[in-house]
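Notes follow once the structure below has been shown.
In my numbering, the protein residues as written are 55 to 431.
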């Protein structure tokens, strides 16, 4: 069955299923055209490779590789701007659904009434202003993946309807008594602790467990500093191409400042700053901009409970005054590896065999790394 077809089971008699599919096909074609205009999955590959290349992200990448081929629902969580959508897109692109639609919905962007109609569609005359039938995002995502961003902001009434889709793979449009069956893989994302929202009655417990089949935590950029030079290079090239500007490099002083900064806005903040460097053609303003920026946010409760390792120490200015980009990146990678190694050992009370198993390295390699990193029990 192609992406423009949706199996429909009628509770009441009626005709016109073929007619109903016409607007659905148009919406699917529109989404495909938009994806092509945005550059499509191919142009994101370099970004994704950089994003998943760091020591702190290897666990996320392993989990993605393990679950991508399944239809398991995935809950991605982390601070704002860390790259949760990239994780969702990577899951989709590595799955058997890769050639089917990837549909994103920002649950925080719409009020209750609009969010419900956006997700599930509506019939003509379902409410004031509904002059024509419109398919919802779940219909458009049929045989593909739907990404529900900011899932914590979804109102409780819509949560109930989402639960029905997860349980039964069917729903009805607003103003209709007709069941629509869909085959959709659901990936949800949040920057909030859903467990605490459940305790406060702000999020349905049954929906939480339905969503939390596979849990992926994306660490903040300050814990993935070795990614920064790679991401900077990617954003410089991407926005020079997009805006028709000459490709330029940034100075070592600016890069060093990037490596020292805590990035409260994470990858999104870094991208915006590099974009401005490309547009303005200068980086003279960067130091003043970062000096006046807010400090990093408090960690999420879930993050604190996970025992995540502290961010690797950024090189001190005196150490890096004469260092080039590659040297700075190499040092950050060593610091990140040391932090990840120490975290794994601390979590198992320095049981080296168990730590080696968790890190998926040999016992001999673990001992070598402990020695090279200057760690002792």
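Virtual Cβ for every residue (Gly too), placed ideally from N, Cα, C. Note that this is a predicted model, so its numbers are computed, not measured.
Proximity winner among the options, relative to residue i (alpha-carbon distances)
| i | options | result |
| --- | --- | --- |
| residue 306 | 286, 137, 193 | 286 |
| residue 313 | 344, 265, 244 | 344 |
| residue 115 | 126, 136, 145 | 145 |
| residue 389 | 118, 426, 192, 408 | 426 |
| residue 123 | 164, 117, 149 | 149 |
| residue 387 | 278, 328, 274 | 278 |
| residue 241 | 392, 205, 326, 222 | 205 |
| residue 108 | 299, 298, 247, 393 | 393 |
| residue 288 | 280, 310, 254, 325 | 325 |
| residue 127 | 209, 200, 185 | 200 |
| residue 164 | 209, 111, 215 | 209 |
| residue 246 | 134, 310, 112 | 134 |
| residue 110 | 196, 183, 274, 215 | 274 |
| residue 384 | 327, 396, 400, 310 | 310 |
Counted within 10 angstroms of its Cβ, other Cβ atoms place residue i as buried (16 or more) or exposed
| i | result |
| --- | --- |
| residue 333 | exposed |
| residue 269 | exposed |
| residue 244 | buried |
| residue 181 | exposed |
| residue 321 | buried |
| residue 405 | exposed |
| residue 418 | exposed |
| residue 420 | buried |
| residue 185 | exposed |
| residue 253 | exposed |
| residue 168 | exposed |
| residue 298 | exposed |
| residue 255 | exposed |
8 Å CB neighbourhood of residue i in its chain, flanking five on each side removed
| i | result |
| --- | --- |
| residue 224 | 63, 218, 233, 234, 235, 236 |
| residue 211 | 166, 170 |
| residue 198 | 57, 146, 151, 154, 155, 156, 157, 238, 239 |
| residue 221 | 264 |
| residue 414 | 116 |
| residue 260 | 217 |
| residue 296 | none |
| residue 125 | 239 |
Neighbourhood of residue i by C-beta distance below 6 Å, restricted to the same chain and skipping five residues each side
| i | result |
| --- | --- |
| residue 412 | 398 |
| residue 258 | 213 |
| residue 340 | 308 |
| residue 177 | 187, 227, 229, 230 |
| residue 294 | 301, 332 |
| residue 424 | none |
| residue 391 | 109 |
For residue j and residue i, believed in contact at Cβ under 8 Å, the rounded distance
| i | j | result |
| --- | --- | --- |
| residue 156 | residue 228 | The pair is not a contact, with the Cβ atoms about 24 Å apart (cut-off 8 Å). |
| residue 203 | residue 266 | Their Cβ separation, rounded to whole angstroms, is 16 Å, which puts residue 203 and residue 266 out of contact at 8 Å. |
| residue 284 | residue 337 | That belief does not hold up - the Cβ atoms of residue 284 and residue 337 are roughly 18 Å apart, past 8 Å. |
| residue 323 | residue 105 | About 15 Å separates the two Cβ atoms, so there is no contact after all. |
Sequence-distant residues of the same chain with beta carbon closer than 7 Å to residue i, five excluded per side
| i | result |
| --- | --- |
| residue 272 | 114, 130, 132, 136, 137, 138, 141 |
| residue 291 | 301 |
| residue 428 | none |
| residue 416 | 410 |
| residue 162 | 204, 207 |
| residue 248 | 206, 257, 262 |
| residue 342 | none |
| residue 329 | 289, 293 |
| residue 192 | 173, 174, 200, 219, 225, 236, 238 |
| residue 195 | 155, 157, 238 |
beta-carbon residue i near the ligand MG non-hydrogen atom, thresh 6 Å
| i | result |
| --- | --- |
| residue 118 | As for the ligand MG, it is missing from this structure, which has no ligand bound. |
Output the residue ranges of the beta strand (DSSP E) runs that lie fully inside the segment 181-262 and measure 3 residues or longer, sorted by chain position.
199-203, 233-235, 239-244
May I have a chain-ordered list of the alpha helix (DSSP H) segments no shorter than 4 residues that lie completely inside the segment 311-351?
320-334, 340-345
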